[in-house]
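In terms of the working numbering, the sequence shown is residues 43 to 353. Read the structure below first, then the notes.
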Amino acid sequence: MTDTLVFYSGPDPFEPWRDALAPHLGSDVRIEKADAVSDPETVRFALVWMPPEGFFARFPNLQLVINLGAGVDRLVARNDLPDVPITRLSDPEMGRMMAGYVLFSVLRHARDIPHFEAAQARREWAYKHPRAASEITVAILGLGELGALAATEIARQGFDTHGWATRPKDLPGITVHCGDNALDDVLAQADIVVCMLPLTPDTCKRLDENCFSMMKPGAAFVNVSRGEVVDQDALVNALRDGRLSGATLDVFETEPLAPDHPLWSLPGVLITPHLASVALPNSAAPQIAANIRAVRTGRALANEVSRLRGY
Ligand code: NDP
Numbered sequence: 043m044t045d046t047l048v049f050y051s052g053p054d055p056f057e058p059w060r061d062a063l064a065p066h067l068g069s070d071v072r073i074e075k076a077d078a079v080s081d082p083e084t085v086r087f088a089l090v091w092m093p094p095e096g097f098f099a100r101f102p103n104l105q106l107v108i109n110l111g112a113g114v115d116r117l118v119a120r121n122d123l124p125d126v127p128i129t130r131l132s133d134p135e136m137g138r139m140m141a142g143y144v145l146f147s148v149l150r151h152a153r154d155i156p157h158f159e160a161a162q163a164r165r166e167w168a169y170k171h172p173r174a175a176s177e178i179t180v181a182i183l184g185l186g187e188l189g190a191l192a193a194t195e196i197a198r199q200g201f202d203t204h205g206w207a208t209r210p211k212d213l214p215g216i217t218v219h220c221g222d223n224a225l226d227d228v229l230a231q232a233d234i235v236v237c238m239l240p241l242t243p244d245t246c247k248r249l250d251e252n253c254f255s256m257m258k259p260g261a262a263f264v265n266v267s268r269g270e271v272v273d274q275d276a277l278v279n280a281l282r283d284g285r286l287s288g289a290t291l292d293v294f295e296t297e298p299l300a301p302d303h304p305l306w307s308l309p310g311v312l313i314t315p316h317l318a319s320v321a322l323p324n325s326a327a328p329q330i331a332a333n334i335r336a337v338r339t340g341r342a343l344a345n346e347v348s349r350l351r352g353y
């Protein structure tokens, strides 16, 4: 029997995903674009990024939803999700891309690059003595698939690296703190705070006015997770007051960030348009195919999302 994998994504083109998946799936799984499905009854698998409202109702025999990305907040928050397992991508290339972006952001602040960019704009030779990595404390909030890899990369560079998660974990070179009560201490000791938390009901606007006031004066802030994890107005205030020396921001409450938003022109702020890491067809295809085979043969899934936790 031929089953169908339906594909939907606004930003990702269909053809590279079809071509990457086909050799791994074999001839008994057809791969079709959502607007060209030949027989909706045969659709058992959905590979999707933010499909439109009502999308899943077209496919009554779905057995697996695969989120085409690492962050599942948009998917698990829907009220039209079928009662089938959800998996997400956990792809080594995606992890490396994210770790690279986080390393770049941390080095940007650790090496005072915003200071030199501002000085260059004034044609000013503004020497600022570099600090050793070991004298700089970096806190990574969220130590999941991507967060743990980024924290490991930061620790490898010699930074005093701390991490925050809900559950304890053993990550060489990283001091791990757990639970709500630990957050203030983590923030208070960090020179650079990197947000890598998933967006869930517990983390929505978790980084608020109080959190920014707990940070060291002159600390820098990096957000690569979701804009809604941060109270963006509180962040703007902390940057305007000079409590934060700068920020590197890849994600925002509303994307695209409005052209008149104050974040664009605050000193020390670098804005990138949500691209710290993206899903790559060739490196993600084997794990997607493995999960499809697992469903077909009744074996356990990898990278399954907990609807209860929301990540
Ligand atoms: P995971 O889901 O693997 O891990 C989440 C981590 O956050 C875990 O360590 C978890 O703790 C911790 N956490 C969750 N809730 C809380 C809480 N309430 N308090 C403290 N810690 C908490 O996520 P990833 O590392 O794979 O990815 C992180 C996020 O990055 C994604 O959710 C997504 O939003 C974002 N992302 C952004 C991209 C971009 O281009 N900007 C690209 C890809 C992802 P525990 O380990 O104890 O469960």
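Cβ coordinates follow ideal geometry from the N, Cα and C atoms, glycine included.
The region 179-242 contains, as complete beta strand (DSSP E) runs of 3+ residues, the segments 179-183, 202-207, 216-220 and 234-237 (chain order). Setting aside the 5 residues that flank it on each side, A76 is surrounded in the same chain by V48 and Y50, each with a C-beta closer than 6 Å to its C-beta; the list follows chain order.
Distance from the C-beta of V144 to the nearest heavy atom of the ligand NDP is not below 6 Å.
Taking 8 Å as the upper bound for CB-CB distance, R282 and F254 are not in contact here, some 11 Å apart. The secondary-structure analysis by DSSP pairs D45 across a beta bridge with V71.
By the CB criterion at 7 Å, F201 and I178 fall inside the cutoff. By the Cβ-count criterion, E187 is buried, with 16 or more other Cβ atoms from all chains shown falling within 10 Å of its own Cβ. Leaving aside the five residues that flank P210 on each side, the residues in its chain whose CB is nearer than 7 Å to its CB run, in chain order, V218 and C220.
Remark: the shortest separation between the CB of A224 and any heavy atom of the ligand NDP does not fall under 6 Å. DSSP lists L89 and T129 as the beta-bridge partner residues of I108. Shortest Cα-Cα distance from E57 to any of A342, A78, M43 and R130 involves A78. Around the beta carbon of L350, a 10 Å sphere encloses fewer than 16 other beta carbons of the protein chains shown; the residue is thus reported as exposed.
Membership of L312 in the beta strand (DSSP E) is indicated by the continuous run V311 to I313. Excluding the 5 residues flanking it on each side, N324 has same chain C-beta neighbours closer than 6 Å at A62, in chain order.
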